[in-house]
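Just add 2 to wherever you are in the sequence shown, counting from 1, and you've got my numbering. All C-beta atoms, glycine included, are put in the ideal place defined by N, C-alpha and C. A quick note: this is a predicted structure, and the numbers were derived from the prediction, not measured. One structure is given below, encoded as structure tokens.
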Amino acid sequence: MTTVNTVWIGKKLGLVHAACLRSLIRHGHDVVLHAYGKPEDTPDGVRLFDASKLMDEKEIFAHKTTGSLAIASDMYRYRIQREGLGLYVDCDVYCLKPFPDADYVLSWESNTLLNPAILKVPYNSNLLNSLLEASEDPYFIPPWLPKKKQLSRSFKKIIGRGKHVSEQEWGVIGPQLLTYHVKKLQLESYAYAIDAFSPMYGAVSNMLFEEGLTVSDLVTSRTVGLHLYNSGLKGKEIIPNTPIYEIINS
Numbered sequence: 003m004t005t006v007n008t009v010w011i012g013k014k015l016g017l018v019h020a021a022c023l024r025s026l027i028r029h030g031h032d033v034v035l036h037a038y039g040k041p042e043d044t045p046d047g048v049r050l051f052d053a054s055k056l057m058d059e060k061e062i063f064a065h066k067t068t069g070s071l072a073i074a075s076d077m078y079r080y081r082i083q084r085e086g087l088g089l090y091v092d093c094d095v096y097c098l099k100p101f102p103d104a105d106y107v108l109s110w111e112s113n114t115l116l117n118p119a120i121l122k123v124p125y126n127s128n129l130l131n132s133l134l135e136a137s138e139d140p141y142f143i144p145p146w147l148p149k150k151k152q153l154s155r156s157f158k159k160i161i162g163r164g165k166h167v168s169e170q171e172w173g174v175i176g177p178q179l180l181t182y183h184v185k186k187l188q189l190e191s192y193a194y195a196i197d198a199f200s201p202m203y204g205a206v207s208n209m210l211f212e213e214g215l216t217v218s219d220l221v222t223s224r225t226v227g228l229h230l231y232n233s234g235l236k237g238k239e240i241i242p243n244t245p246i247y248e249i250i251n252s
């Protein structure tokens, strides 16, 4: 039974996240939810892990523009890998088949970006070391920026005026960081194709609410899990005879 680690910051999972955790259990996974206290709607069969063992709550901060806690979540998933705890999966990934158990589990979400929503890398690998080094630096300077901008930020960092990651472009220590280092280390061959986990990237949030469609209409024969991109689902009415209704009632 493959262990799946996931993390939640908050008192309640909500219908979508709870359904995704149930889907993992249904497909035989040992699901470990890393949280600061038990969310009130945690599904039966989910094991709890005290998240404060890997990250103090004082380390959690939101992205200044979006208000997202994705930065803390990115930091946490890399620490899960550092501890050798196994596969990490976001709470908004709906499981359709048993997830792979391999040294590297990476996945493309577009033609140019990998997404750490599903992630496993060896704890002693160059890739993980690079991810940790960057994500643990609150004033990280992305090496993919133009050289002139890197030099400018380096100077400001030296004099105590560095640009905090919460003020930088969204995803700077998530998809962008992961993609940069996977390409640099030439590890692309380990990455699953887009349709393995993100078959409807960019359009999935709308199609989830279309009447007459089912989950099977949104995936391919190679799809293992459906990343729902929960941030795009908020505030939308859930009605019967739609893929999202099927998901939350499964």
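Taking the beta strand (DSSP E) that residue i belongs to, which residues open and close that run?
{"i": "T5", "result": "T5 to W10"}
{"i": "D32", "result": "D32 to A37"}
Going by C-alpha distance, which of the options is nearest residue i?
{"i": "P45", "options": "H29, S54, A119 and R24", "result": "R24"}
{"i": "I82", "options": "T222, S70, P124 and E61", "result": "P124"}
{"i": "L71", "options": "D32, N128, L89 and V9", "result": "V9"}
{"i": "N113", "options": "E190, D58 and S223", "result": "E190"}
{"i": "L180", "options": "S218, A136, S156 and E85", "result": "A136"}
{"i": "L134", "options": "M209, A74, W172 and V107", "result": "A74"}
{"i": "H31", "options": "G39, R49, V174 and E212", "result": "R49"}
{"i": "L108", "options": "V91, C97, L98 and Y96", "result": "V91"}
Pull up the DSSP beta-bridge partners for residue i, would you.
{"i": "C97", "result": "G227"}
{"i": "W110", "result": "L116"}
{"i": "R49", "result": "V34"}
{"i": "Y90", "result": "N7 and L121"}
Should residue i be labelled buried (16 or more other beta-carbon atoms within 10 Å of its own) or exposed?
{"i": "A64", "result": "exposed"}
{"i": "E111", "result": "buried"}
{"i": "M3", "result": "exposed"}
{"i": "T216", "result": "exposed"}
{"i": "Q170", "result": "buried"}
{"i": "R79", "result": "buried"}
{"i": "G162", "result": "exposed"}
{"i": "G47", "result": "exposed"}
{"i": "P177", "result": "buried"}
{"i": "D94", "result": "buried"}
{"i": "S252", "result": "exposed"}
By the DSSP assignment, the alpha helix (DSSP H) with residue i in it spans what residues?
{"i": "Y80", "result": "A72 to R84"}
{"i": "E248", "result": "P245 to I250"}
{"i": "I241", "result": "First-last for I241: undefined, no H or E at that position."}
{"i": "L65", "result": "According to the sequence provided, residue 65 is His. The question's Leu does not apply to it. Looking at the DSSP string, H65 is not in any alpha helix (DSSP H), and its letter there is neither H nor E."}
{"i": "V18", "result": "L17 to R28"}
Runs of alpha helix (DSSP H) wholly within the region 136-215 (minimum 4 residues, chain order)
149-160, 177-186, 196-199 and 206-209
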